[in-house]
Amino acid sequence: MAYTVELEKLLLLAEPQFVEHVSAAKEITEQEVSTLIRRFSVIHDELNVIVKLTNQNPPDGQEPETHEHLKVSAEKIRNEVDVVLEALQFQDRVSQILALVQDNFTALRESVERIQQQGHERHQKMLNVEETIATMQSQYETVKHRHNRAMPKHSTDDFTLF
Amino acid sequence: MIVDDSASMRQVVGIALRDAGYDLIEAGDGKEALSKLDGVKIHLIISDINMPIMDGITFVKEVKQLPKYRFTPIIMLTTEVNPAKKDAAKEAGAKAWVTKPFQPKTLLEAISKLILP
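This is how it looks when you write it as structure tokens:
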């Protein structure tokens, strides 16, 4: 019983720290990705301006080939930036996984607190370990499945009109 | 309007839409979005599903109760793969479903089918 009490204490003390660390990880990655997106957005906008300008006739004195080359280069770089911006959407999935970890730790703590309130009448059957693990596993599988679905390049499921 | 709890996702959607000439209002969850609607002219709403405070499907149902926004088309932009969620979104009144990660041209295609330029 003393061991159980200590185990409960460990979980109840450790959970807020786990949740805090996970929350910090979420916030930091969100901020960093947000900064990256902002920077790429500026590059993207400047390239749009170049492409727009090069769609007009070349200025006097500029070789048409140079003008065309500049246009092609700008478009190519802009398309690459678009690919990067698309890839940075990974942050959304990272946030989902971290949110799941947070929620599961919190749910575990709440379960232990509820059981702890039973005092000396608490017993092992109050915490259904297999069911808890199965639920967590199922949630992680769902998120993993979403992630795996995102990996192949653009299936026909991308867009549905109802 | 873009409703998504991920700031980086709202940025990426913003870049795609502003490129195409659209203006954007942002919200981090369904409740915040409802408070921002408040009589403002909105041509289309793009909403995530899994959000804190108020999820996307509940948000769609709430929007459909508002006389001014009953007919505003709503696109769900989500990583969800659960067919039941897709059915629920359709049942709630969403008009389209776009999966993340998305290509800007896919989202813009969805928008072009729902609102006049």
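Quick note, the sequences are listed as chains A and B, same order.
Just so we're aligned: 65 in this note's numbering is position 65 of the first sequence, and the numbers increase by one with no gaps anywhere.
Position in the second sequence counted from 1, then plus 1000, gives you this note's numbering.
Cβ coordinates follow ideal geometry from the N, Cα and C atoms, glycine included.
Task: Contacts that V33 of chain A makes with chain B (C-beta to C-beta distance below 8 Å) - done: Taking the first residue of the first sequence as 1, we reach residue 33 of chain A at position 33. Under the 8 Å cutoff, chain B gives S1008.
Open item on the list: Distance cutoff 7 Å, beta carbons only. Does A1027 of chain B sit that close to anything in chain A?
Closed with: The sequence position of residue 1027 of chain B within the second sequence is 27, counting from 1. Not one chain A Cβ lies under 7 Å of A1027 of chain B.
- [ ] Run down chain A in chain order and give the residues with a C-beta less than 7 Å from the C-beta of K1090 of chain B.
- [x] By one-based count along the second sequence, residue 1090 of chain B stands at place 90. By Cβ distance, chain A contributes F162.
Open item on the list: Tell me which residues share the same chain as E8 of chain A and place their Cβ nearer than 6 Å to its Cβ, disregarding the 5 neighbours each side in the sequence.
Closed with: In the first sequence, the residue the question calls residue 8 of chain A occupies position 8. The beta carbon of E8 of chain A is closer than 6 Å to those of V112 and Q116 in its chain, skipping five residues each way along the sequence.
- [ ] Could you tell me how far apart the beta carbons of R39 of chain A and T1079 of chain B are, in whole angstroms, since I believe they sit closer than 8 Å?
- [x] Counting from one through the first sequence, the residue named residue 39 of chain A turns up at place 39. Counting from one through the second sequence, the residue named residue 1079 of chain B turns up at place 79. Incorrect: roughly 25 Å between the Cβ atoms, too far for contact.
TODO: Within the same chain, show all residues whose beta-carbon is closer than 7 Å to that of R78 of chain A, passing over the 5 residues directly before and after it, in chain order.
DONE: Here the question's residue 78 of chain A lines up with position 78 in the first sequence. Spatial neighbours of R78 of chain A in its own chain (CB-CB distance under 7 Å, excluding positions within 5 residues in sequence) are listed in chain order as H44, L47, N48 and V51.
TODO: Determine the chain A residues that contact I1015 of chain B at a beta-carbon separation under 8 Å, and present them in chain order.
DONE: Numbered from its first residue, the second sequence carries residue 1015 of chain B at position 15. From the beta-carbon of I1015 of chain B, the residues of chain A found nearer than 8 Å are I37, S41, H44 and L85.
Task: Beta carbon proximity, T156 of chain A to chain B, threshold 7 Å - done: To locate residue 156 of chain A, count along the first sequence from 1; it is residue 156. Confidence at T156 of chain A is low in this model, with a pLDDT of 47, below 50, so the placement of that residue is unreliable and no value is reported for it.
TODO: Please list the partners that V1012 of chain B has in chain A, where partner means a Cβ-to-Cβ separation under 8 Å.
DONE: Taking the second sequence and counting its residues from 1, one reaches residue 1012 of chain B at position 12. Near V1012 of chain B (Cβ distances below 8 Å), the residues of chain A are I37, L85, E86, L88 and Q89.
Open item on the list: Measuring straight from C-alpha to C-alpha, what distance separates I1057 of chain B and L1044 of chain B?
Closed with: Numbered from its first residue, the second sequence carries residue 1057 of chain B at position 57. Numbered from its first residue, the second sequence carries residue 1044 of chain B at position 44. Spanning the two alpha carbons is a distance of roughly 16 Å.
TODO: Could you name the residues of the region 99 to 113 of chain A whose beta carbon sits closer than 9 Å to any beta carbon of chain B, in the order they occur along the chain?
DONE: Here the close residues are A99.
- [ ] Counting only the same chain and skipping the five closest in sequence on each side, list residues whose C-beta sits under 7 Å from that of N104 of chain A.
- [x] Within the first sequence, the letter at position 104 stands for residue 104 of chain A. Once the five neighbours on either side are set aside, the close Cβ partners of N104 of chain A are M136.
Task: Secondary structure of T142 of chain A, DSSP reduced to three states - done: Residue numbering aside, residue 142 of chain A sits at position 142 when the first sequence is read from its first letter. DSSP, read as helix, strand or coil, puts T142 of chain A in helix.
TODO: Kindly indicate if chain A contains any beta-carbon less than 7 Å away from that of V1098 of chain B.
DONE: Taking the first residue of the second sequence as position 1, residue 1098 of chain B is located at position 98. Yes, V1098 of chain B counts as interfacial toward chain A.
- [ ] Ignoring anything shorter than 4 residues or poking outside the region 30 to 112 of chain A, list the alpha helix (DSSP H) runs there in chain order.
- [x] If one requires a minimum length of 4 residues, the alpha helix (DSSP H) runs lying completely within the region 30 to 112 of chain A are 64 to 87, in chain order.
Task: Residues sharing a beta bridge with L1108 of chain B, DSSP - done: Translated into positions along the second sequence, residue 1108 of chain B becomes position 108. Answer by DSSP bridge pairing: none, since L1108 of chain B is not bridged.
TODO: Please report the Cβ distance between V22 of chain A and V129 of chain A, rounded to the nearest whole angstrom; I am assuming they are in contact, meaning their Cβ atoms lie under 8 Å.
DONE: On the first sequence, residue 22 of chain A is found 22 positions in, with the first residue counted as 1. On the first sequence, residue 129 of chain A is found 129 positions in, with the first residue counted as 1. No, V22 of chain A and V129 of chain A are not in contact; Cβ-Cβ is about 22 Å, not under 8 Å.
Open item on the list: Excluding the 5 residues flanking L1017 of chain B on each side, which residues of the same chain have their C-beta closer than 6 Å to its C-beta?
Closed with: Walking along the second sequence from the start, residue 1017 of chain B turns up at place 17. Here the set comprises L1024.
Task: Continuous beta strand (DSSP E) stretch holding M1076 of chain B: start and end - done: On the second sequence, residue 1076 of chain B is found 76 positions in, with the first residue counted as 1. Per DSSP, M1076 of chain B belongs to the beta strand (DSSP E) from I1074 to T1078.
TODO: Could you check if M1076 of chain B is buried or exposed, using at least 16 other CB atoms within 10 Å of its CB as the buried criterion?
DONE: As a working note, residue 1076 of chain B is residue 76 in the second sequence. In this structure M1076 of chain B is buried. Its beta-carbon is surrounded by 16 or more other beta-carbon atoms within 10 angstroms.
- [ ] Whole angstroms is fine: what's the gap from A1089 of chain B's alpha carbon to E75 of chain A's?
- [x] The count along the second sequence starts at 1 and reaches residue 1089 of chain B at position 89. The count along the first sequence starts at 1 and reaches residue 75 of chain A at position 75. Their backbone Cα atoms lie some 37 Å apart in a straight line.
Open item on the list: Can you look up A1027 of chain B in the DSSP assignment and give me helix, strand or coil?
Closed with: What you label residue 1027 of chain B is simply residue 27 of the second sequence in a count that begins at 1. DSSP places A1027 of chain B in strand when its eight states are reduced to three.
- [ ] Inspect the beta-carbon positions of V1098 of chain B and A1110 of chain B and report whether they are closer than 7 Å.
- [x] As a first step, residue 1098 of chain B must be located in the second sequence, where it is residue number 98. As a first step, residue 1110 of chain B must be located in the second sequence, where it is residue number 110. Yes, Cβ-Cβ distance for V1098 of chain B and A1110 of chain B is below 7 Å.
Open item on the list: Closest to L85 of chain A by C-alpha separation, out of A:V42, A:L13, A:S95 and A:E27, would be which residue?
Closed with: Mapped onto the first sequence, residue 85 of chain A falls at position 85. Proximity to L85 of chain A across A:V42, A:L13, A:S95 and A:E27 peaks at A:V42, based on C-alpha coordinates.
Task: is_contact[S95 of chain A, chain B] using C-beta, thresh 7 Å - done: Start at 1 with the first residue of the first sequence, and residue 95 of chain A comes out as number 95. With 7 Å as the cut-off, S95 of chain A counts as an interface residue toward chain B.
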